[in-house]
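Residue numbers (our numbering), protein chains in the order written: chain A, 291 to 406; chain B, 1304 to 1418.
Okay, so here's the structure we're looking at.
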Amino acid sequence: SQTIHQWPATLVQPVGSPLSLECTVEGTSNPNLYWYRQAAGRGLQLLFYSVGIGQISSEVPQNLSASRPQDRQFILSSKKLLLSDSGFYLCAWSAQPGQGRTGELFFGEGSRLTVL
Amino acid sequence: GESVGLHLPTLSVQEGDNSIINCAYSNSASDYFIWYKQESGKGPQFIIDIRSNMDKRQGQRVTVLLNKTVKHLSLQIAATQPGDSAVYFCAENIGGTGTASKLTFGTGTRLQVTL
């Protein structure tokens, strides 16, 4: 079965410090990968998605970047965190068409980032 | 712009009663809709989905209804249980570049089950 892991689960960082959140998927190959952010009491905002190694699409201009160095690894980074970067970050994957329930996203457990 | 929204931010239901959570969407081109359940501090979990060529789909204790005429989606939970307490999100697939699934999520409805 497929599993998705992201870490760290909780992170407290000072303003101006770097960030690296990592996500890995097991049990599937060539998944589409996504990073979402959820502000407190709000919906999910798509930040980045990737349809293949090295292919990153950004949905909103921001202080963050994403990379996909391996097929099942997705990393969310920042060089200098802002207060507004605080939130709950969710990694997700979806199957390629014909390999599962097309369109469905499978989410990780999330990483809560607090920038002080 | 296009958006997905929910009518009620909080819904309180007595245990054993049926729950109905509503969602309005505005992108008439959306062809796939999903309901997710999110418990506190966790990632969203799939509940049920429906494609635009259907108007009703049933799962275990849950039913999703789609009314494309008025762009309305609802989630019905039968015999609501305390474990159903969570935030529920509707999401629509607005399509994407290549094969990516670019879901747009509503703001969520918190379901509180009272004993």
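C-beta: ideal position from N, C-alpha, C; glycine also.
Predicted model, so just to flag it, every value in this text is computed and none were measured.
Quick one: which residues of the region 325-353 of chain A get their C-beta closer than 9 Å to a C-beta of chain B? List them in chain order. Listed by position along the chain: Tyr326, Gln328, Gly331, Arg332, Gly333, Leu334, Gln335, Leu336, Tyr339, Ser340, Val341, Gly342, Gln345, Ser347 and Glu349.
Beta strand (DSSP E) containing alanine 1327/B: first to last residue? Start and end: 1322-1328.
Given that a residue counts as buried once 16 or more other Cβ atoms are within 10 Å of its Cβ, and exposed if not, what is isoleucine 1350/B? The residue is buried, with at least 16 neighbouring Cβ atoms inside 10 Å.
Could you tell me the boundaries of the beta strand (DSSP E) in which glycine 393/A lies? Per DSSP, glycine 393/A belongs to no beta strand (DSSP E) and is neither H nor E.
Between lysine 1405/B and tyrosine 339/A, which are expected to be in contact by the criterion C-beta below 8 Å, what is the C-beta distance as a whole number of angstroms? With a Cβ gap of about 7 Å, lysine 1405/B and tyrosine 339/A count as contacting.
Closest Cβ-Cβ distance between glycine 393/A and chain B: below 7 Å? Yes, because at least one Cβ of chain B sits closer than 7 Å to the Cβ of glycine 393/A.
Residues in the region 356-369 of chain A with C-beta within 8 Å of chain B's C-beta atoms, listed in sequence order? So nothing in the stretch comes that close.
Does DSSP put aspartate 361/A in a helix, in a strand, or in coil? In the structure shown, aspartate 361/A sits in coil (DSSP, three-state: anything other than H, G, I, E or B).
Please check if any C-beta of chain A sits within less than 7 Å of the C-beta of leucine 1406/B. Interface flag for leucine 1406/B against chain A is set, since a Cβ pair is found closer than 7 Å.
DSSP bridge partner residues for lysine 1340/B (one or two, in chain order): For lysine 1340/B, which the question treats as bridged, DSSP gives the partners Gln1348/B and Tyr1391/B.
Is threonine 1417/B buried or exposed, if buried means 16 or more other CB atoms sit within 10 Å of its CB? Exposed.
Beta-carbon neighbours of lysine 1345/B, restricted to chain A and to distances below 9 Å: Those within 9 Å of lysine 1345/B in chain A are Phe397, Glu399 and Gly400.
Grab the span of the beta strand (DSSP E) containing lysine 1405/B for me, first residue to last. Looking at the DSSP string, lysine 1405/B is not in any beta strand (DSSP E), and its letter there is neither H nor E.
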